[in-house]
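A.B. asks: I have a structure I would like to understand better, so I am pasting it below and will then ask my questions one at a time.
Number of protein chains: 2
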Amino acid sequence: MTKPAPSHLAYVPFVSVENMMKLVHHIGIEPMLKGLAEYIEQDFRRWDLFDKTPRVASHSKEGVIELMPTSDGEVYGFKYVNGHPKNTQEGLQTVTAFGLLATVDTGYPVLLSEMTVLTALRTAATSAMVAKHLAPKGSRVMAMIGNGAQSEFQALAMRVICGIDRLRLYDIDRAATDKTVRNLQGFGFTLEPCSSPQEAIEGAQIITTCTADKQYATILTDNMVGAGVHINAIGGDCPGKTELHPDILTRSSVFVEYPPQTRIEGEIQQMPADFAVTEMWQVINGTAKGRTDDRQITLFDGVGFAIEDFSALRYVRDQLRDTGLYQDLDMIADPDNPRDLFGMVQRAKPR
Amino acid sequence: MTKPAPSHLAYVPFVSVENMMKLVHHIGIEPMLKGLAEYIEQDFRRWDLFDKTPRVASHSKEGVIELMPTSDGEVYGFKYVNGHPKNTQEGLQTVTAFGLLATVDTGYPVLLSEMTVLTALRTAATSAMVAKHLAPKGSRVMAMIGNGAQSEFQALAMRVICGIDRLRLYDIDRAATDKTVRNLQGFGFTLEPCSSPQEAIEGAQIITTCTADKQYATILTDNMVGAGVHINAIGGDCPGKTELHPDILTRSSVFVEYPPQTRIEGEIQQMPADFAVTEMWQVINGTAKGRTDDRQITLFDGVGFAIEDFSALRYVRDQLRDTGLYQDLDMIADPDNPRDLFGMVQRAKPR
C-alpha cells in the first residue's frame, strides 16, 4: 500500500521572504504599492463589518510580542509581530512579522506569509492612501524626517499614489539619508538632503515623520509647521514614543485608524482622553469630513492597525494563482476518517 | 555579486504533519506520550511563572477560531486552533491546529509546528499525568466512553503512565468502538467492547468521558458512579457542551487547569460561580491536596490550556537537533543593515 498524499486542503500556501521579494519584482514595487492601497481603501470603506480586537500583547523588559487578529466575517486573519528596539545592537531586526489568513466557514488556514517586507509595503500604502484624501491637491514636495527602513517605501507610495516627486530628506544620522538617496536613484525624484528638520520642511506640502527612538521626542515643534500642510506622523507607535510637540496636535485636525488603539500608542497619547479625532474610515466612506480648508493642518496619527495587515494578506493571496510564488506547507492533518487520527498516524509508520 | 543566503536566524524550523508522524515513530508513541507528560508536569510545577491570557476567540455561526498565547518569561508560545463541528459533514477536521515558539529576548520565532496530531498527544499526556496523581493506586481498568479521535491516545497514555491494561469501551456508534479496538490491537490491552455506559464502567477505577456532541449531554448519571473512582472528563470543552450530570460534580472533588477558563468551558459551567475546585498545579507542587480517601471520587474537568501546548512545543523543539525532522522556513527578513530593508528587496531583483 502506498502512502496516500494529503489532500489539497491539507496544504497551506506559504510565501517566504524570498518569494515576497520575487512578488515585488514580478508585479513592480510601484504597482504593488498602488494595489495594496486599493485593497486597504476597500477595507476602510467596509470598516464597520470587521471584528476589531485590541492587540494581544505579551510584554517583557526587552520588548513586546503581539498578535493582531481581525475578521470580516468570511475571512479571518492575524499578524504576529514583535518589537525589540535593542535587537539592532545584536544585528537583528527590531520588528519581524508573519501573518495568516483562514476561512471563517471552516477554520482552515489558507495563507501563511512573511510580513516583515509586507508590513513595510502596507504601512507606506496606508500613509499614501490617507494622504490622497487629506493632503493639499497638487502636492509635489514631501519632507521625509527619519530616513530608516520605512523611508523609501513611504517615498515611492507617495509618488505613485499622490504625485510627490520632490523629496527633502533629513535624519539625525547623515549616513541614513545617504542610504535613502542612494536607494531612490532612478525612481524619478528630485532628492534634496537637508541638515535640519526646519530646512527639510521648507516648501513641503506633506511632512512625513518616521523616526525610531523609543522615547518622547520632539521632531517637529509648533512654530515650524505652516498652514495648509498634511502631516503623516507614523514613527510614534507605542506607549512612550511620540514625535510631535502637543501644540501641533492642538492646531491640527487629527485623523486616526482606531481610536482605542491610537490613544494608547499614537501621538495623541499626549492629549486628554477626550481629545477630538476623526476616524479615517469615515472620511473614506463619506460620513465624516476630511480637509475642508486650504489653511487647515491635517495630521494622520498612524500606528498601524490589524485591518491593514488583513488587506495586505488578501492582496498577496489574490496574486498567488497567477504568480505561483509560494510553497505548499503540509500543516493540516487530514485523516480519511476524521475520527481516525490515530489510524492515520499508525499508517505512516515506516516498514 | 551572488545573492547572500539568509543567516540561520532568518530560518524558522517547521514540523509538518508528515514530520510529526515520523517523530512519533522515531521516538515511539508510548515513550513520546511519557516524555510529553514529563514536560507538562514540569510546567504545571512552575505554573505561577506563566503569563496566563484567556483564549482570544473569534466566533462565527459555524464555529470558532482561537489564539492561545502564553509565556514563561524566556519562551513565548501560541497555538492557533479552530473548532467547527459541522466540518466533518464536509470531510474536514472539526479541529485543526498549529503552534509557534519564539524567544522572548528577541521576539524571533524558533519553531513552527503542526499541532493537530500534537494536540491529541498532549491532551492524552495531560489526562494521564493528572490521573497518576489522582486515580486510585494500582488502577488497571479504564472505561472509555466515546471512541472518537482522542480515544486511542488516551488509552496508550493511561497505559504507559498509570498502568491501565484493561479497557472497557463504549460509543453510541458501534463502528467507532470497532475502530478503536482495531487500532489498539497489539498494544497489550484486554479490550472489552460494551453496549452501554453502565456496562462500560463496571469494575473501572478510571472513567474517561470523551464524546463529541456540542450540547448538554448526560453520559454519566449520578447513580452510575461508585465510590473511589477517578473520572477523567475531557469531552466537555466549550460553552454549552457538558457530559456529566451535575449531581456527580457535587459528590466529587473537582480538579481543574485554569479556573477562569474551566468555569466557562468545562463541566463546572453547570455549577454556581463559587463552586469549589482545586487547581491541579497546586496538587502537583504540593500546595493543595489531591486524593485523600479511598472512597473519594476525584474528577478532572479537563478543557485544555495554553501551557500544555507550550510544554508540547517545547518537547518537540528539544527533539529537533537529534532527529532532523523539520524543514527550514525562510520566514524572517534579514537585511545586512536593519535600516536598509528596501536595499535588501532591491538587491533581490532578477537581472
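One line per chain: the protein sequences are A and B, in this order.
Residue 142 in this note's numbering sits at position 142 of the first sequence, with consecutive numbering throughout.
One rule links them: number in this note's numbering = place in the second sequence (from 1) + 1000.
Backbone N, C-alpha and C define an ideal beta-carbon position, used for all residues, glycine too.
Predicted, not measured: the structure shown is a model, and the values here were computed from it.
(1) Considering only their Cβ atoms, is the gap separating H1230(B) from L1111(B) smaller than 7 angstroms?
(2) State yes or no: is the beta carbon of P338(A) nearer than 7 angstroms to at least one beta carbon in chain B?
(3) Counting only Cβ pairs nearer than 8 angstroms, list the residues of chain A close to Y1183(B).
(4) Let me see if you follow: with CB-CB separation under 7 angstroms, is D1105(B) close to chain A or not?
(5) Would the beta-carbon of L1169(B) fall within 7 angstroms of that of M1142(B)?
(6) Relative to the C-alpha of D1274(B), which candidate in P1260(B), V1283(B), Q1282(B) and E1265(B) has its C-alpha closest?
(7) What span of residues does the beta strand (DSSP E) with M142(A) cover, start to end?
(8) Who are the Cβ neighbours of F78(A) in its own chain at under 7 angstroms, not counting the five residues just before and after it?
(9) If contact means a Cβ-Cβ distance below 7 angstroms, which residues of the region 157 to 178 of chain A contact chain B?
(10) Go ahead and pull the three-state DSSP assignment for T2(A).
(11) Suppose contacts are defined by Cβ-Cβ distances below 7 angstroms. Is A233(A) in contact with E202(A) by that definition?
(12) Does the beta carbon of G1063(B) come closer than 7 angstroms to any beta carbon on chain A?
(13) Here's the rule: buried if 16 or more other CB atoms are within 10 angstroms of the residue's CB, otherwise exposed. What is A131(A)?
(14) Would you give the residue range spanned by the beta strand (DSSP E) that Q353(A) belongs to?
(15) At a CB distance below 7 angstroms, what residues from the region 40 to 69 of chain A approach chain B? Give them in sequence order.
(16) What are the boundary residues of the beta strand (DSSP E) that includes F1255(B)?
(17) For I1268(B), which three-state DSSP category applies?
(18) Please determine, among Q1205(B), R1174(B) and R1159(B), the residue with the shortest C-alpha to C-alpha distance to P1193(B).
(19) When DSSP labels each residue in this structure, what does Y11(A) get in the three-state scheme?
(20) What first and last residue would you give for the beta strand (DSSP E) that runs through S1195(B)?
(21) For the beta strand (DSSP E) containing L1067(B), list its first residue and its last residue.
(22) In the DSSP assignment, find the beta strand (DSSP E) that holds D1330(B) and state where it starts and stops.
(23) Provide the residue span of the beta strand (DSSP E) that contains S1127(B), from first to last.
(24) Less than 7 angstroms between CB atoms is the rule here; does H133(A) satisfy it with respect to chain B?
(25) On the DSSP bridge list, what partners appear for G1099(B)?
(26) Taking only beta-carbon positions, decide if S127(A) is within less than 7 angstroms of chain B.
(27) Apart from the five residues just before and just after T1190(B), which ones in its own chain have a Cβ nearer than 6 angstroms to its Cβ?
(28) Pop quiz: L36(A) and R122(A) are said to be a contact at Cβ under 8 angstroms. What is the actual Cβ separation, rounded to whole angstroms?
(29) Work out the CA separation of L220(A) and T250(A) for me, nearest whole Å.
(30) Within 10 Å of its beta-carbon, does K1137(B) have 16 or more other beta-carbons around it, so buried, or fewer, so exposed?
(31) Helix, strand or coil for R314(A), going by three-state DSSP, please let me know.
(32) So what does S58(A) bridge to, in DSSP terms?
(33) Please state if the CB of M129(A) and the CB of E41(A) are separated by a distance shorter than 7 angstroms.
(34) Across the region 1080 to 1099 of chain B and the region 1317 to 1334 of chain B, are there enough close Cβ pairs to call them in contact, namely three or more that are closer than 8 angstroms?
(35) How would you write the range of the alpha helix (DSSP H) that F1153(B) sits in, first residue to last?
(36) Let me know the secondary structure DSSP gives L341(A) once reduced to three states.
C.D. replies: On the basis of the data shown:
(1) no
(2) Yes, its Cβ sits closer than 7 angstroms to a Cβ of chain B.
(3) The sequence given here places Asn at residue 1183(B); Tyr does not occur at that position. Near N1183(B) (Cβ distances below 8 angstroms), the residues of chain A are D340, F342, G343 and Q346.
(4) Yes, contact with chain A.
(5) no
(6) P1260(B)
(7) The continuous beta strand (DSSP E) containing M142(A) extends over residues V141 to I145.
(8) L67, M68, P69, G99 and L100
(9) Taken in chain order, the members of the region 157 to 178 of chain A whose beta-carbon sits within less than 7 angstroms of a beta-carbon on chain B are A176.
(10) Only weak support is given to the placement of T2(A): the predicted model assigns it a pLDDT of 41, under 50, and the value that follows is read from those uncertain coordinates. In this structure, T2(A) counts as coil in the three-state DSSP scheme.
(11) Not in contact: A233(A) and E202(A) (Cβ atoms no closer than 7 angstroms).
(12) yes
(13) buried
(14) This structure leaves residue 353(A) out entirely; chain A is present only between 1 and 351.
(15) Against chain B - using a Cβ distance shorter than 7 angstroms - the residues of the region 40 to 69 of chain A are D51, T53, V56, S58, S60, E62, G63, I65, L67 and P69.
(16) S1252 to V1256
(17) helix
(18) R1174(B)
(19) strand
(20) No beta strand (DSSP E) holds S1195(B); DSSP gives it neither H nor E.
(21) V1064 to S1071
(22) Q1327 to D1330
(23) Taken as a continuous stretch (DSSP letters only), S1127(B) belongs to no beta strand (DSSP E), being part of the alpha helix (DSSP H) at T1116 to L1134.
(24) no
(25) G1099(B) pairs with K1079(B) and S1113(B).
(26) no
(27) Within the same chain, and ignoring the five residues on either side of T1190(B) in sequence, the residues whose Cβ sits closer than 6 angstroms to its Cβ are R1166.
(28) 6 angstroms
(29) 13 angstroms
(30) Exposed: under 16 other Cβ atoms inside 10 Å.
(31) helix
(32) I65(A)
(33) A contact, by the Cβ cut-off of 7 angstroms.
(34) no
(35) S1151 to C1162
(36) helix
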